[in-house]
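Working notes, structure below.
In this note's numbering, the protein residues as written are 396 to 546.
Encoded structure:
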């Protein structure tokens with residue numbers, strides 16, 4: 396059975412071993428003294444029971460993504476998420492605008508269908524009434540706008 400002094404030495408030796416293992420710069424040697432107490436040291440003592448302790452460590456396995464060096468950090472992921480949110484917001488706004496233009500063109504086409512006379516304003520601000528061919532062209536242009544905005 397070990398006494399308090401032997402236990403303290405063993406604990407200190409174990410702590411020293413762990414400290415040495417973390418640095419990996421020095422060799423660790425283990426020996427047992429004449430009282431049967433095990434010691435761990437960083438230099439050889441030439442004691443008859445001395446042996447070199449192999450302390451080995453290795454890196455943890457990196458994921459393939461980390462090895463290739465293309466793992467985005469949190470800033471890149473945040474920027475990507477923000478860009479995606481902005482794109483989604485813009486798409487919603489674009490859809491709203493298209494719906495508004497679609498409705499506007501449909502209403503214009505209905506006005507063109509029921510109106511007996513259509514006109515445009517000239518440079519002097521006076522009305523110039525459209526003939527039948529111009530009315531048909533105006534309806535065709537509105538129909539093209541509907542197809543563009545409502546599809």
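Ideal Cβ positions, reconstructed from N, Cα and C, are used throughout, including at glycine.
What residue ranges within the stretch 434-499 form continuous alpha helix (DSSP H) runs of no fewer than 4 residues, ordered along the chain? For secondary structure counted as the alpha helix (DSSP H) over 4 or more consecutive residues, the stretch 434-499 holds these complete runs in sequence order: 459-463.
Inter-residue Cα distance where the pair is residue 541 and residue 469: One-based indexing of the chain shown puts residue 541 at position 146. One-based indexing of the chain shown puts residue 469 at position 74. The straight-line gap from Cα to Cα measures roughly 45 Å.
In terms of alpha-carbon separation, which member of 530, 493, 429 and 482 lies closest to residue 515? Counting from 1 along the chain shown, the entry for residue 515 is found at position 120. Nearest C-alpha to residue 515: 530.
Quick check: the Cα distance between residue 512 and residue 477, rounded to an integer number of angstroms? For the purposes of this step, residue 512 is taken as residue 117 along the chain shown, with counting starting at 1. For the purposes of this step, residue 477 is taken as residue 82 along the chain shown, with counting starting at 1. Taking the straight line joining both Cα atoms gives about 52 Å.
Neighbourhood of residue 545 by C-beta distance below 7 Å, restricted to the same chain and skipping five residues each side: Position 150 of the chain shown, counting from 1, holds the residue named residue 545. Spatial neighbours of residue 545 in its own chain (CB-CB distance under 7 Å, excluding positions within 5 residues in sequence) are listed in chain order as 497.
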